[in-house]
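17 is the number of the first residue of the sequence shown in my numbering; add one for each residue after it. The beta carbon of each residue, even a glycine, is placed where N, CA and C say it ideally should be. Computed from a prediction, not measured in an experiment: that's the story for all the values here. Accompanying notes for the structure given below.
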Amino acid sequence: MVKNFARSAAVLAATVIASGTMATVGAPPAEARACDGIAAKAHHTIWLRHTRDIDSALVVKWPAGATACRAPELIRAGSEYKVCGGKKWDRWVLLRYKGKQGWAPVVCTNVSD
């Protein structure tokens, strides 16, 4: 009985390795792959907004330290804001976080303008 169990376990392990399932263990998460290496990190917990306006509709909450994907060179002027401990600023960056897309104040991220 013990021999049969050991033999079955060995066959199962060989099948899993041969099928390539073990090769994906160290693969990055899908969200990281989708960013193509262009990511932004939140300095403070903020809401991504529907438009480049501090009074715009909220899309999704982006917690401090979380990473979101960003489109290259998509920083635009919008309404002025004074958030995240910064000076008055009007630059916004388009981000995608948890499948939702919205605008965030540049000063709240690690994105340089």
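Cut-off 7 angstroms between Cβ atoms - residues of its own chain near residue i, not counting five sequence neighbours on either side
| i | result |
| --- | --- |
| Arg-92 | Arg-68 and Trp-108 |
| Leu-74 | Trp-63 and Arg-65 |
| Leu-90 | Val-109 and Leu-110 |
| Gly-134 | Since the first and last residues shown for the chain are 17 and 129, residue 134 lies out of range. |
Strand pairing of residue i, partner residues [DSSP]
| i | result |
| --- | --- |
| Ala-56 | Ala-84 |
| Lys-77 | Trp-63 |
| Gly-118 | Leu-111 |
| Ile-91 | Val-109 |
Cβ shell of residue i (< 8 angstroms), same chain only, five flanking positions each side left out
| i | result |
| --- | --- |
| Ala-55 | Ala-48, Thr-83, Ala-84, Cys-85 and Arg-86 |
| Tyr-113 | Leu-64, Val-76, Trp-78, Ala-82, Ala-84 and Cys-85 |
| Thr-61 | Lys-77, Trp-78, Pro-79 and Ala-80 |
| Ser-95 | Arg-68, Asp-69, Ile-70, Asp-71 and Asp-106 |
Contacts around residue i, its chain only, beta-carbon distance under 6 angstroms, and the 5 residues preceding and following it disregarded
| i | result |
| --- | --- |
| Gly-42 | Per-residue confidence for Gly-42 stands at a pLDDT of 44, beneath the threshold of 50, marking its modelled position as unreliable; the derived number appears in the next sentence. So no residue of the chain qualifies. |
| Tyr-97 | Ile-70 and Pro-121 |
| Lys-116 | Val-75 and Val-76 |
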